[in-house]
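Undergrad:
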Amino acid sequence: MRRQERKGTQAMDSALTLLMVVVVWQALRVRYQRGRIALLGRHLGGLQLERHMETLTQGYTRAIREESEARQLQVLETFAPTERAVAAQVRSLADAMQKESPQAARMSTLSLCVPYIERFLPAMTRDFRELLHIHAAGLRHVVDNEAQWDAKKRAYHLSAELYLLQHSCHWFCKSRAVADARLMLRHQVNHRKVLDSVSAATRSAYLRWQGNEKR
Numbered sequence: 000m001r002r003q004e005r006k007g008t009q010a011m012d013s014a015l016t017l018l019m020v021v022v023v024w025q026a027l028r029v030r031y032q033r034g035r036i037a038l039l040g041r042h043l044g045g046l047q048l049e050r051h052m053e054t055l056t057q058g059y060t061r062a063i064r065e066e067s068e069a070r071q072l073q074v075l076e077t078f079a080p081t082e083r084a085v086a087a088q089v090r091s092l093a094d095a096m097q098k099e100s101p102q103a104a105r106m107s108t109l110s111l112c113v114p115y116i117e118r119f120l121p122a123m124t125r126d127f128r129e130l131l132h133i134h135a136a137g138l139r140h141v142v143d144n145e146a147q148w149d150a151k152k153r154a155y156h157l158s159a160e161l162y163l164l165q166h167s168c169h170w171f172c173k174s175r176a177v178a179d180a181r182l183m184l185r186h187q188v189n190h191r192k193v194l195d196s197v198s199a200a201t202r203s204a205y206l207r208w209q210g211n212e213k214r
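Positions 0 to 214 (numbering that gives the first Met the number 0) are the ones given, in order, by the sequence shown.
#1: Would you check if the distance between the CB atom of P121 and the CB atom of R28 is smaller than 8 Å?
#2: What is the DSSP secondary structure of T16, reduced to helix, strand or coil?
#3: From L161 to F119, what distance separates their C-alpha atoms?
#4: Please return the same chain residues whose Cβ sits closer than 7 Å to the Cβ of T54, not counting the five positions on each side in sequence.
#5: State the beta-bridge partners of D143 as determined by DSSP.
#6: Identify the continuous alpha helix (DSSP H) that holds D179 and give its terminal residues.
#7: CB of K98 to nearest heavy atom of the ligand NAP: below 7 Å?
#8: If I follow the unbroken alpha helix (DSSP H) through M52, where does it start and stop?
#9: Check R214 in the structure and name its three-state DSSP category.
#10: Measure the alpha-carbon distance for I133 versus M183 and round it to whole angstroms.
#11: With DSSP as the reference, label D126 as helix, strand or coil.
#12: Tell me, to the nearest whole angstrom, how far the beta carbon of M96 is from that of H140; I am working on the premise that it is less than 8 Å.
#13: Which one or two residues does DSSP pair with S107 in a beta bridge?
#14: Evaluate L157 with the Cβ neighbour count: other Cβ atoms within 10 Å of its Cβ, from every protein chain shown; 16 or more gives buried, anything less gives exposed.
#15: In the DSSP assignment, find the unbroken alpha helix (DSSP H) run with C172 in it and report its ends.
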């Protein structure tokens, strides 16, 4: 009887210990993610990047729904100023983030959020500042239409560039799993498809960044 009571007590102690660990972990995670959101938010505060991105993603969808190709092209042409503004503001964001410390700009390669992983497992992180420069260069490449795509194909690739940028920002602030889920929820497309749909220059640089082991 006493042995069973001891086992019951031990099981309860283990459950309480596990519960405490989970509570502490959750508190750390929330605090960590709030810090990341605040950091990125400071640099986005003076920009209209999110509004411009929403204008383009919604506008491209509206243009594709137009019945005639002539009307589609006409609508797409109206977004040229916004496209240039997005490219310029992503460059500004990348330059501003460059002023942050290397440690503050690290992001985990793991799917789930591990608070402060950059402090004790830096090999499992990558530099968000470098990733933003990849996005800035990729957007400029597509906006300038260096590949000479037609208007519809250019809009398709530019949409993918914007989706990938959103994914990277959510990944930095939350986790890769959250970024994947939001990408699917908002745009009904997965990360692999988006990566396949950006320009070859962006995709190549992004894959190098993912495998970059230099610190």
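Note that beta-carbon positions come from the ideal geometry of N, C-alpha and C, so glycine has one too.
Remember, it's a predicted structure, so these values are computed and weren't measured experimentally.
TA: According to the structure shown:
#1: On the sequence shown, residue 121 is found 122 positions in, with the first residue counted as 1. On the sequence shown, residue 28 is found 29 positions in, with the first residue counted as 1. Against a cut-off of 8 Å, the Cβ pair of R28 and P121 comes out as no contact.
#2: By one-based count along the sequence shown, residue 16 stands at place 17. Correct three-state label for T16: helix.
#3: Locating residue 161 in the sequence shown gives position 162, where the first residue counts as 1. Locating residue 119 in the sequence shown gives position 120, where the first residue counts as 1. Spanning the alpha carbons of L161 and F119 requires a straight line of approximately 32 Å.
#4: As a first step, residue 54 is located in the sequence shown; it is residue number 55 there, counting from the start. Excluding positions up to five away in sequence, the list reads T81.
#5: Translated into the one-based positions of the sequence shown, residue 143 becomes position 144. Paired residues: none, contrary to the question.
#6: One-based indexing of the sequence shown puts residue 179 at position 180. Its alpha helix (DSSP H) spans residues 175-186.
#7: Ligands are entirely absent from the displayed structure, and the ligand NAP is therefore not among its contents.
#8: The residue given as residue 52 occupies position 53 in the sequence shown. First-last of the alpha helix (DSSP H) with M52: 48-63.
#9: Sequence index remark: in the sequence shown, residue 214 carries index 215 (1-based). Since pLDDT at R214 reaches only 36, below the 50 mark, its modelled position is unreliable, and no value is offered.
#10: The sequence position of residue 133 within the sequence shown is 134, counting from 1. The sequence position of residue 183 within the sequence shown is 184, counting from 1. Distance between the alpha carbons of I133 and M183 is about 22 Å.
#11: Taking the sequence shown and counting its residues from 1, one reaches residue 126 at position 127. Strand.
#12: As a position in the sequence shown, residue 96 is number 97, starting the count at 1. As a position in the sequence shown, residue 140 is number 141, starting the count at 1. The C-beta separation of M96 from H140 comes to about 20 Å, leaving the pair out of contact by the 8 Å criterion.
#13: For the purposes of this step, residue 107 is taken as residue 108 along the sequence shown, with counting starting at 1. Paired residues: T124.
#14: Position 158 of the sequence shown, counted from the start, is the residue given in the question as residue 157. Buried, because 16 or more other Cβ atoms sit within 10 Å of the Cβ of L157.
#15: Taking the sequence shown and counting its residues from 1, one reaches residue 172 at position 173. For C172, the enclosing alpha helix (DSSP H) covers residues 150-172.
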